Every structure is written in C-alpha cells, then in structure tokens.
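Under the UniProt record's numbering, the first residue of the sequence shown carries the number 1, and numbering increases by one thereafter.
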Amino acid sequence: MRYKNTYITIEKSLFEDLEKSINKHNLHYSKDDPNKIMMDKAVFFIDYIRYQRSFRKDEITNGGYIRIPSKFLNIYLQKELRKYKDFLIGHNYIKTIPYSKDESKSYGYLVSFSGTKKSNEESLEEYSAYEFLSQTYETFLSKSLEKHAKIEHKKSVADKSTKHLTKWLNAESIQINRERAITFIDHSKDLSMEQKTSYSYSVNKIWFGCWYYLRSTNDNRLHSNLTNLPSELRKFVSHKTQNLVSLDIKSSQPFLLAGVFNLILLEETEKVAYLKSGLRSQDVKNQFSSVMNSISLEPSVIAGLQHYINLVCNQDIYNYIASNLNSNFIEKLKDEKGYVDKVYSPTTNRKEEKHFKDLRGYCKVLTLEYMYSSAENTEKRLNEINQVLPDAVNKFIYEFKYCKELEIPKRQGKKRRTKRQREKIQKTKKLFAKFLQQLEAFIMLDIITKELSKQNLKMFMATIHDSIIVTSGNEKEVELFMKKKVFEILGLEPEIKWEYW
1 MRYKNTYITI EKSLFEDLEK SINKHNLHYS KDDPNKIMMD KAVFFIDYIR
51 YQRSFRKDEI TNGGYIRIPS KFLNIYLQKE LRKYKDFLIG HNYIKTIPYS
101 KDESKSYGYL VSFSGTKKSN EESLEEYSAY EFLSQTYETF LSKSLEKHAK
151 IEHKKSVADK STKHLTKWLN AESIQINRER AITFIDHSKD LSMEQKTSYS
201 YSVNKIWFGC WYYLRSTNDN RLHSNLTNLP SELRKFVSHK TQNLVSLDIK
251 SSQPFLLAGV FNLILLEETE KVAYLKSGLR SQDVKNQFSS VMNSISLEPS
301 VIAGLQHYIN LVCNQDIYNY IASNLNSNFI EKLKDEKGYV DKVYSPTTNR
351 KEEKHFKDLR GYCKVLTLEY MYSSAENTEK RLNEINQVLP DAVNKFIYEF
401 KYCKELEIPK RQGKKRRTKR QREKIQKTKK LFAKFLQQLE AFIMLDIITK
451 ELSKQNLKMF MATIHDSIIV TSGNEKEVEL FMKKKVFEIL GLEPEIKWEY
501 W
C-alpha cells in the first residue's frame with residue numbers, strides 16, 4: 001500500500017550518494033546493531049526538511065534554515081533524531097543552527113547536499129519516487145504523520161470549512177506538465193541552483209500526486225501545493241487538459257481596508273460586526289474592537305478616510321504614492337536599471353537588494369511593508385509613506401499595532417525591556433497584518449467561493465490567497481459574482497484582474 005503522506009521524491013544523485021554513504025557506514029556493524037543507519041529514515045528526514053521549507057516560507061531564517069520541533073522529529077525517527085542528525089551533518093547532507101531556549105526556538109535545518117553540479121548551465125537531476133524498504137516503518141510513519149495532522153486539526157479544519165475547495169486538491173483534478181516545467185527550470189538563467197532545486201521539488205510533489213493542504217490558524221488562509229508553487233510555473237498546470245485562469249481583486253488588501261473604512265463612514269455596524277465574526281484569531285478580534293471604539297468621526301477623520309477610499313477605488317493608490325514621494329528620496333533610489341532598494345523578502349525572511357522597473361512596483365512593496373511593519377519602525381522610506389497617506393489612515397494602522405508596552409523605553413540606563421514585554425510588542429506588531437489576511441480569507445474562502453460553489457457544484461475551483469482559479473471559459477461568470485458579493489459586503493465595487501495560466 002502506498003501512503004500519501006510519505007510519498008517522497010528524491011534526486012538520483014542524492015539517492016545514490018546517500019545509499020553509498022549508508023552502506024559504507026553500516027559495513028562494520030552487525031545486522032541488529034543500533035548504530036546502523038536506515039535508508040528510509042535518512043531519506044524521510046531530508047524530505048521532511050524540504051517539505052517544511054516549502055509550505056512555511058514565511059518562517060525561513062536569514063540563512064535559509066527552517067526550525068522544526070525535535071519532539072515531532074523524534075517521533076517520526078523513533079527516538080533516533082540525534083543519530084540521524086549527526087550522520088547527515090557529518091556527511092554534508094544537512095546543516096543546522098542551534099535552538100534558542102530563551103526565545104523558544106527549535107533547531108533550524110537546511111538541506112546542504114549540492115550533488116555533482118558545478119554551474120547553473122548544467123542540467124537538473126532526475127527525480128524518482130522513493131520506495132520504502134521497510135513496510136513496517138512506512139506504516140508507522142504514515143500513522144504518526146496522520147496522528148500529528150489530526151492533533152493540529154489542520155486538514156480537518158480545512159475540510160470542514162472549505163470542502164468546496166479541498167475536494168479539488170488531488171491528482172485527479174490538477175495536473176502539471178512535468179517535462180515542460182522541468183525544461184523551463186533547467187534552462188532558466190535567472191534562477192540559482194538552490195531555486196531550481198526548490199522549484200523542481202514543487203513540480204514533483206504535484207506530478208507524483210503528493211498533495212497537502214491546511215487552513216492556517218495564523219492567517220486563516222488555505223495553504224496547499226498551489227499556494228507554494230512559484231508563479232512562473234503556473235502555465236504548466238491544468239485541470240484535466242483544460243487551461244486555467246486566476247481572478248483577483250486589484251490592490252486587494254488596500255481595497256479591503258478601504259471597504260472597512262467605507263462601512264465605518266456609513267455607520268454600518270451590523271456589517272462591521274459580520275466582518276469581525278469572520279476573523280479567526282481572538283487577539284485580532286479584540287484589537288479590532290479596541291480600534292473601532294477609539295474612532296471619532298470628526299470632519300478631519302471623515303475627510304481622511306474618504307480620501308483614502310477615493311485613492312483606492314477611483315485612482316491607482318500606488319501611482320499616487322509614487323507621484324507624492326519626496327524628490328530627493330526618489331533620486332537616491334535611481335540606478336541604470338530603474339530603482340533599487342533593500343526590501344523585505346518573504347522567501348529569505350530578510351532584507352535584500354531588489355530592482356524595480358518603475359516606481360509603482362516599488363511603492364506597492366513599500367506600502368505593504370508599511371502596513372506590516374512595527375509601530376516603532378522609523379526607517380526613512382516608511383516615513384515617506386506616512387507623509388503621503390491621510391493621518392486618519394495612519395492612526396488606524398498605528399492603533400492596530402499599539403500595545404502599552406510600547407510606552408516603555410527600549411533601554412533606560414542598564415535596564416531594558418523584559419522578555420515578556422518584547423514578546424508582547426512583537427505579537428501586537430503582527431495583528432494588523434493578520435487582520436487584513438484573515439479578513440481576506442473570510443471573504444474569499446467562506447463567502448465568495450462557498451456561495452459560488454453552491455451555484456455550480458461541478459465547476460472546478462481553487463484559490464491562491466486573494467485569487468480564485470477556474471477553468472478558462474468561466475472567468476466572466478466568476479468576475480461578475482465577485483463584484484456582486486464584494487459590493488454587498490463592503491459597499492464598494494472592486495476592479496477584478498485576470499491572469500491566464
């Protein structure tokens with residue numbers, strides 16, 4: 001029996017090298033010696049690191065490591081984590097970074113095997129499905145993974161609330177042209193070898209039918225193979241030979257914020273309460289209530305919120321911001337290719353130098369960074385956004401990130417904020433981002449796609465956060481439905497963008 005949760009793909013060179021290392025290691029041990037290394041466990045360990053990096057991209061550290069709790073790894077490896085970790089590190093298959101007891105962080109892991117490739121021009125390795133040598137261990141592993149999934153209620157929560165979407169997340173409904181996708185990856189001059197390996201991993205998971213999905217408690221979004229598939233590879237994905245098209249709201253999160261402001265101005269308290277009911281996190285709900293209670297609809301506030309709504313709905317907010325940035329600030333961004341600045345990368349979880357062809361693209365990244373940054377962040381580029389947006393909008397965003405611990409100085413003489421105070425500030429900093437993400441998920445997953453599915457049970461439908469994916473030919477019907485429902489919810493009509501895969 002082939003267990004879906006342990007369906008592993010592995011590069012030919014890695015498999016052969018690992019097999020050789022294990023055989024050499026085991027040569028001097030008797031059959032039942034506890035020091036022997038089991039191929040199944042070593043392959044699973046490596047694949048599990050890649051799997052965790054694939055769907056937890058926002059949690060990857062600066063060096064590319066992903067932290068994984070030892071308690072789970074010890075279960076899957078049958079209390080032999082240390083042995084397999086030492087072996088794989090010693091043979092340069094993986095690297096680790098230490099755990100941090102003070103910050104409650106687990107060990108970080110990175111697959112470091114580089115194979116025999118010497119340049120980006122060389123072909124990628126062939127992949128194959130790994131066949132477990134021990135059916136007993138495979139059965140144990142499958143049950144352990146499934147038990148862990150049930151404990152965290154990940155799949156069950158996703159199925160319970162979004163069965164209309166998860167029913168399509170399988171090999172029968174979604175296919176990928178593996179040959180064309182791998183050829184594209186292989187010949188790309190823009191991808192590093194690490195990126196090529198990561199892209200190939202995503203392709204192989206779909207091609208071999210290894211589908212996963214979960215409804216995150218953090219952002220309430222539906223995460224799956226599709227959400228973690230690089231956008232460049234979408235053109236190789238289809239539904240039973242039918243081409244796909246994705247539809248999303250233009251400037252989605254700024255638009256949703258404008259919708260909330262519109263309901264506030266119209267004093268639509270019941271609709272605001274309805275949106276609040278769709279927020280998954282109690283912390284976000286409480287902060288939203290606190291912010292709403294602090295709003296006073298004075299003339300200046302009304303004018304500021306209305307101005308923002310107009311920018312989002314009747315203009316292009318990113319072009320507006322670009323045209324109102326300080327000229328000296330813009331001059332410092334210019335280079336021969338357009339504009340360049342160090343911006344946060346969700347892939348590497350750090351700031352990296354990035355080039356932009358035009359100011360609009362830069363301002364889009366800058367606006368989202370401003371919305372998601374700490375209330376204490378005083379970087380010049382974020383202050384530039386602060387100067388452009390209406391005061392009422394800045395105040396709303398600040399209040400969402402505020403906690404009383406911010407009033408305590410970072411350092412006063414030899415004293416500094418306590419660990420608990422720092423954690424509270426860090427936690428509160430993320431509430432506004434969670435608010436927008438959970439609001440978006442509620443509207444897209446629990447309202448629009450669910451009602452659309454009831455109208456047409458046989459219509460294929462998937463999502464990538466703020467995008468709805470359907471087969472080509474259904475896009476007009478979906479666009480009209482999206483506009484209608486969003487207007488009913490927020491009182492504003494969105495502009496819908498199409499992207500053919």
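Every residue, glycine too, gets a C-beta built ideally from N, C-alpha and C. Note that the coordinates shown come from a computational prediction; the quantities given were computed from them, not determined experimentally.
From which residue to which residue does the beta strand (DSSP E) around tyrosine 127 run? Unbroken beta strand (DSSP E) run through tyrosine 127: 127-129.
Taking only beta-carbon positions, decide if arginine 234 is within less than 9 Å of chain C. As a matter of chain content, chain C is missing from the structure shown, which is built from one protein chain.
9 Å Cβ cutoff met for arginine 234 and tryptophan 498: Contact flag unset, no.
Whose C-alpha, out of Leu257, Lys20, Asn225, Leu88, is nearest the C-alpha of lysine 205? Among Leu257, Lys20, Asn225, Leu88, the Cα nearest to that of lysine 205 belongs to Asn225.
At what residues does the beta strand (DSSP E) containing aspartate 248 begin and finish? Segment 244-249, the beta strand (DSSP E) holding aspartate 248.
Excluding the 5 residues flanking lysine 380 on each side, which residues of the same chain have their C-beta closer than 8 Å to its C-beta? Phe329, listed in sequence order.
What is the rounded straight-line gap between the Cα of arginine 53 and the Cα of serine 216? Roughly 15 Å separates the two Cα atoms.
Anticipated Cβ contact below 8 Å, valine 470 with glutamate 399, distance rounded: The beta carbons of valine 470 and glutamate 399 sit about 38 Å from each other, so the pair does not count as a contact at 8 Å.
From lysine 483 to isoleucine 496, what distance separates their C-alpha atoms? If you draw a straight line from the Cα of lysine 483 to the Cα of isoleucine 496, it comes to about 8 Å.
Using 8 Å as the threshold, is the stretch 443-461 in touch with the stretch 156-171, meaning 3 or more CB pairs across them? Result yes; three or more Cβ-Cβ pairs closer than 8 Å.
Glutamate 298 (DSSP reduced to helix, strand or coil): Of the three classes helix, strand and coil, the one that applies to glutamate 298 here is coil, per DSSP.
Taking the alpha-carbon positions, what's the serine 134 to arginine 420 distance? So the alpha carbons of these two residues sit roughly 47 Å apart.
Identify, in the order they occur along the chain, each residue of the same chain with its Cβ nearer than 7 Å to the Cβ of arginine 178, setting aside the five sequence neighbours on each side. Only Val203, Trp207 meet the Cβ criterion.
Within the continuous beta strand (DSSP E) that includes arginine 463, where are the two ends? Here residue 463 is threonine; the residue named in the question, arginine, does not match the sequence. First-last of the beta strand (DSSP E) with threonine 463: 462-464.
Who are the near neighbours of alanine 441 in its chain, counting only those whose CB is closer than 7 Å to its CB and skipping five residues on each side? If the five residues before and after alanine 441 are omitted, its C-beta is found closer than 7 Å to the C-beta atoms of Asp219, Asn220, Arg221, all from its own chain and listed in chain order.
Local conformation of asparagine 5 per DSSP, three classes: Reliability of the predicted coordinates at asparagine 5 is poor, the pLDDT of 45 falling under 50, and the value obtained from them is presented with this limitation in mind. The answer is helix: DSSP assigns asparagine 5 an H, G or I state.
Whole angstroms are fine: how far does the CA of threonine 197 sit from the CA of glycine 304? Each residue's CA atom was taken as its position, placing glycine 304 and threonine 197 some 48 Å apart.
Between the CA atoms of leucine 169 and isoleucine 408 - distance to the nearest angstrom: Taking C-alpha positions only, isoleucine 408 is separated from leucine 169 by approximately 48 Å.
According to DSSP, is tryptophan 207 part of a helix, a strand, or is it coil? Reduced to three states, the DSSP call for tryptophan 207 is helix.
Integer-rounded CB distance, given that asparagine 326 should sit under 8 Å from glutamate 270: Not a contact, Cβ separation roughly 42 Å.
Beta-carbon separation of threonine 367 and isoleucine 321 under 9 Å? One thing to note: threonine 367 has its Cβ within 9 Å of the Cβ of isoleucine 321.
According to DSSP, simplified to helix, strand and coil, what is glycine 304? In the three-state scheme derived from DSSP, where H, G and I count as helix and E and B as strand, glycine 304 is classed as helix.
Sufficient close CB pairs (3 or more, under 8 Å) joining the stretch 73-88 to the stretch 39-49: Look at the beta carbons and you see the stretch 73-88 touching the stretch 39-49: at least three pairs across the two are nearer than 8 Å.
Evaluate contact between the stretch 354-371 and the stretch 269-284, counting only Cβ atoms and requiring at least three cross-stretch pairs below 8 Å. No, because fewer than three Cβ pairs between the stretch 354-371 and the stretch 269-284 fall closer than 8 Å, the two stretches do not touch.
Under the three-state DSSP convention, the category serine 224 falls into: The answer is strand: DSSP assigns serine 224 an E or B state.
Considering only residues of the same chain and omitting the five flanking positions on each side of asparagine 26, which have a CB-CB separation below 7 Å? Scanning its chain for C-beta atoms nearer than 7 Å, with the 5 sequence neighbours on each side dropped, one finds around asparagine 26 the residues Lys36, Ile37, in chain order.
Rounded to a whole number of angstroms, what is the C-alpha to C-alpha distance between asparagine 324 and valine 284? Computed Cα separation, rounded: 32 Å.
Is asparagine 243 near isoleucine 309, with beta carbons less than 9 Å apart? Going by beta carbons, asparagine 243 and isoleucine 309 fall outside the 9 Å limit.
Taking Cβ to Cβ, would you say isoleucine 10 is nearer than 9 Å to tyrosine 130? Yes, they are a contact pair.
With respect to 8 Å, is the separation between the Cβ of arginine 178 and the closest non-hydrogen atom of the ligand MN below this value? Among the components modelled here there is no ligand, and therefore nothing to report on the ligand MN.
Would you report the Cα separation of serine 21 and phenylalanine 140, rounded to the nearest angstrom? In a straight line, the C-alpha of serine 21 is about 25 Å away from that of phenylalanine 140.
Figure out for me which residue from Phe132, Val312, Leu14 has the closest Cα to the Cα of valine 393. Among Phe132, Val312, Leu14, the Cα nearest to that of valine 393 is on Val312.
Taking its Cβ as the centre, do 16 or more other Cβ atoms sit within 10 Å of asparagine 474, making it buried, or is it exposed? Asparagine 474 comes out buried.
Less than 6 Å between C-beta atoms, sequence neighbours within five positions excluded: which residues of the same chain meet that for serine 467? For serine 467, where only same-chain residues beyond five positions count, the Cβ hits under 6 Å are Ser246, Asp248.
Below 6 Å CB to CB, which residues in the same chain sit around glutamine 253 once its five sequence neighbours on both sides are set aside? Cβ within range, chain order: Leu436.
Using DSSP's beta-bridge definition, name the partner residues of serine 467. Serine 467 pairs with Asp248, Ile464.
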